Each structure stands twice: as structure tokens, then as C-alpha cells.
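S.K.:
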Amino acid sequence: MGRLRILHETRYYYERPVRFGPQRLLIRPRDSHALRIVEASLRLYPPGGTRWSYDANGNCVCIFQPEGKSDAMRVASELVIDRYPAPLVPQRIENPDTLTPIVYSREDRATLEPFIAPVTDDPDAVLLRWLRGLQAHRDEPALAFLLRINELIHQQFEYRVREEEGVQTPVETLQKHSGACRDLAWLMVEGLRRLGYATLFATGYIHSPGSQIRGAGATHAWCEVFLPDLGWLEFDPTNGLAESPDLIRVAATRTPAQALPVSGAIIGDPGSARLHVSVDVRLIDEIDRAA
1 MGRLRILHET RYYYERPVRF GPQRLLIRPR DSHALRIVEA SLRLYPPGGT
51 RWSYDANGNC VCIFQPEGKS DAMRVASELV IDRYPAPLVP QRIENPDTLT
101 PIVYSREDRA TLEPFIAPVT DDPDAVLLRW LRGLQAHRDE PALAFLLRIN
151 ELIHQQFEYR VREEEGVQTP VETLQKHSGA CRDLAWLMVE GLRRLGYATL
201 FATGYIHSPG SQIRGAGATH AWCEVFLPDL GWLEFDPTNG LAESPDLIRV
251 AATRTPAQAL PVSGAIIGDP GSARLHVSVD VRLIDEIDRA A
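First residue of the sequence shown: 1, per the UniProt record's numbering; consecutive thereafter.
#1: Thinking just about the alpha-carbon of each residue, which of 284, 104 and 53 is nearest to the one in residue 231?
#2: For residue 43, collect the residues of the same chain with a Cβ closer than 6 Å to its Cβ; drop the 5 residues on either side in sequence, then sort them by chain order.
#3: Leaving aside the five residues before and after residue 160 along the sequence, list all residues of the same chain whose C-beta is less than 7 Å from its C-beta, in chain order.
#4: According to the neighbour-count rule (16 or more other Cβ atoms, all chains shown, within 10 Å of its Cβ), is residue 124 buried or exposed?
#5: Starting from residue 40, trace the beta strand (DSSP E) in both directions and tell me its first and last residue.
#6: Could you work out which residue in 78, 131, 69 and 64 is closest to residue 270 when comparing CA atoms only?
#7: How would you call residue 111, buried or exposed, if buried means at least 16 neighbouring beta carbons within 10 angstroms?
#8: Which class does residue 7 belong to by DSSP, given the choice of helix, strand or coil?
#9: Determine the direct distance from the alpha carbon of residue 217 to that of residue 74, and round the result to whole angstroms.
#10: Taking only the alpha-carbon atoms, compute the straight-line gap between residue 130 and residue 173 and give it to the nearest angstrom.
#11: Could you have a look at residue 187 and say whether DSSP puts it in helix, strand or coil?
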């Protein structure tokens, strides 16, 4: 358990001044049994009004409306949080719903259906052939299967920082055998959906206490899977982590496009544009010593 400070800054620079439409900011976690916000501040430029709400998935959203014209926009968030990690609990093997293929109750499935249906296409069955090679062992617990897939992606795919916007399709990631954290997470999300699992694309921050952690210094992405008895569990195929205290969830959505930290329209011709993003996550105290 620890107290973390998170500094997340996004800067846009434009060759010519522009006006701004509403900007959607997805940068604040929601308080829960696993995370408590101790302090939160938001510095915005140009000045403008803000309005907070929750989206359809229950994520905290800030709508920021900059005023006037400017050749730059800045969104700087500072958070101090207490993180309360929970150990990954083994499933009860006597519960047949914990074995593969996964079985959800009628009540759960009615809620989970949108997160089971795949979003992307696989016209040449590239993803399907990859999945067939990962078939679960007979009576393999679903949790053991998910841990195996998570580790396989971590070991067999090359992590690559990508400056380009957007997310590769799972087929592209399979063909390139590499990707950024968002690409590897999306591969796991869409692959598991085709096997009947309810999954979400999760985004947020990662604490990097060691040099082996990939994805530090920027926003991070991973996969959440719903299992009977255990609920939503976090799997980070970029680092081979599961239910790690180093993962700090800001939002979870059906698609990556819904999880952008900053999104919105500009009005006018900006000419050339530049984007700079920085994220710093560091431990500032142990909770048992924190005031």
C-alpha cells in the first residue's frame, strides 16, 4: 500500500491561433475500495469553464470549454492518491462456471453482453487462427487460462513506443508481432471477446518502481476481464502483470476511442501542430506512515 503523486500534462501547440470546441478530459480516477483521491488539482489554458459528469461506463469526465483564441492549449492534472491493492484470489474449482469455456449467469450476461461482442473485423481469420493455437486445456480454470494468455503476449510480442495516433487492429498487431501498450491490450480484449469473455479496454497510469516496467512516462493501457465470483480483474499484457498495485485505473471503456485522455475539436486553420505529453508517477509515502 502506498501514497502516489501523479503529474499528467498535455500541451498542444499551433502555428496559428484557433478557437476551441468543448474538450473532453478523462484524467481523474473514480474513488473506490482500491483507490482514494487525497488531493486533486487541474490547471487549464486558455481559461474556461468546466463541468464534471460520469459517462455511460461510470468514468469521471470533465468537459472543458476554453474561451477565446489561442495558439496553445494546456491540460495539467496533479493527483495524490492512496492505493489499496488486493491480492489475486484463486478461483474455487468446484464452481463449474470458473472453467473454460466461460459461463456467465443470465443476470450477468444481460449486463455484460456489449462487452462480449467483438468490435473489430477478422475477414481472413488471422485472429481466429491465433486463438485456436491458444485453446484452453481440458478443465483449465479460466483464471489460469487468462494468466497464460497475458504472459504469452508479454513474452512473444515486441513492445514498441508509437507516436502515431490511434490503435492498431488486433490483426495488424498479430502481423507486426509488435505494438504499443494500447495495441497489446486491444489484442487481448478483442481476442478474449471472441472466446466469450466480457472484457474492457482500461487506461490510466502505471507506477514504475523498477526498470523492467514498460509504458512508464505516458498514459498506460491494459485489459479488464469479468469472471464469476471474482468480478472485474486487471491484466496488463505489456508487462505480464495481473491485479498489480502499480496499475492506476482512470477509465475502462468498450473501445480505445472512448478512452482518450483529451479529445475535442478546434475551430479554424491551425497550420502545423505539435503535441507534448508527460506523465510522472512516484511513491511519496507508505500509507501506514501517511498523515
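Positions of the beta carbon are idealized from the N, C-alpha and C atoms, including for glycine. In this text the structure is predicted, and so the values were computed from the model without any measurement.
M.R.: Let me spell this out:
#1: What you label residue 231 is simply residue 231 of the sequence shown in a count that begins at 1. Out of 284, 104 and 53, 104 has the C-alpha closest to the C-alpha of residue 231.
#2: Your numbering for residue 43 matches position 43 in the sequence shown. So the list reads 76, once near-sequence residues are dropped.
#3: Counted from its first residue, the sequence shown places residue 160 at position 160. Cβ neighbours of residue 160 beyond the five flanking positions: 178, 179 and 180.
#4: The sequence position of residue 124 within the sequence shown is 124, counting from 1. Flag for residue 124 reads exposed.
#5: Translated into positions along the sequence shown, residue 40 becomes position 40. Unbroken beta strand (DSSP E) run through residue 40: 35 to 45.
#6: One-based indexing of the sequence shown puts residue 270 at position 270. Nearest option by C-alpha distance: 69.
#7: In the sequence shown, counting from the first residue as 1, residue 111 sits at position 111. Classification for residue 111: exposed.
#8: In the sequence shown, the residue the question calls residue 7 occupies position 7. Strand.
#9: The residue you call residue 74 lines up with position 74 of the sequence shown. The residue you call residue 217 lines up with position 217 of the sequence shown. The alpha-carbon atoms of residue 74 and residue 217 are separated by roughly 18 Å.
#10: By one-based count along the sequence shown, residue 130 stands at place 130. By one-based count along the sequence shown, residue 173 stands at place 173. Whole-angstrom Cα-Cα distance: 12 Å.
#11: Working through the sequence shown from its first residue, we reach residue 187 at position 187. Of the three classes helix, strand and coil, the one that applies to residue 187 here is helix, per DSSP.
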